[in-house]
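Under the numbering used here, residues 63 to 187 are what the sequence shown spells out, in order. For glycine and all other residues, C-beta sits at the position ideal for the given N, C-alpha and C. Computed from a prediction, not measured in an experiment: that's the story for all the values here.
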Amino acid sequence: MRTMFVLLALGLSPAMVLAQAAAPAGTADTAKGKVLADPRGMTLYTFDRDSAGASNCTGQCAQNWPPLLAPANAAPSGSWTVITRQDGGRQWAYKGKPLYGWAKDTKPGDVTGDGVNSVWHVATP
Numbered sequence: 063m064r065t066m067f068v069l070l071a072l073g074l075s076p077a078m079v080l081a082q083a084a085a086p087a088g089t090a091d092t093a094k095g096k097v098l099a100d101p102r103g104m105t106l107y108t109f110d111r112d113s114a115g116a117s118n119c120t121g122q123c124a125q126n127w128p129p130l131l132a133p134a135n136a137a138p139s140g141s142w143t144v145i146t147r148q149d150g151g152r153q154w155a156y157k158g159k160p161l162y163g164w165a166k167d168t169k170p171g172d173v174t175g176d177g178v179n180s181v182w183h184v185a186t187p
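Structure (structure tokens):
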């Protein structure tokens, strides 16, 4: 009951809290501004060669740009969707764009993948 009172006092409904908890990523402030970041705080990226709702980054590409994988029970919520990769794995997408990390980012807030080959870009909220 106390939790419900605190939520209501903050202007939050339990549904709003659950929706926030369901997001697979958050945001981080970087040299490139606010970006989407995985639960470890690592910057997420989008790939221009992906088509809406489909990943075209497989094999060595996926080694360098690890997909933000979704668990089997993941469900779409708001701007977040789940796509099925060519290998059968599930991957999170934001506003239809599959999300990836970058193997050369070493710490939270790094954005070294932005602009690689002119096709990789930081994912923005």
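Per DSSP, Q122 is not a residue of any beta strand (DSSP E); the alpha helix (DSSP H) it occupies stretches across Q122 to N126.
S180 and A136 have their alpha carbons spaced roughly 31 Å apart. Cβ-Cβ separation between P170 and A99: approximately 7 Å, consistent with a contact (criterion under 8 Å).
Approximately 12 Å separates the beta-carbon atoms of L106 and L131; this is outside 8 Å, ruling out the contact. In this structure S117 is buried. Its beta-carbon is surrounded by 16 or more other beta-carbon atoms within 10 angstroms.
Out of G140, P128 and D112, the CA that lies nearest to the CA of P187 is found in G140. In the three-state reduction of the DSSP assignment, V178 falls in the helix class.
Pairing D91 with G121, the inter-Cα distance amounts to about 30 Å. Under the DSSP assignment, Q153 falls in the beta strand (DSSP E) whose first and last residues are R152 to Y156. CA-CA distance, K157 to D110, rounds to 14 Å. Under the DSSP assignment, A90 falls in the beta strand (DSSP E) whose first and last residues are G88 to T92.
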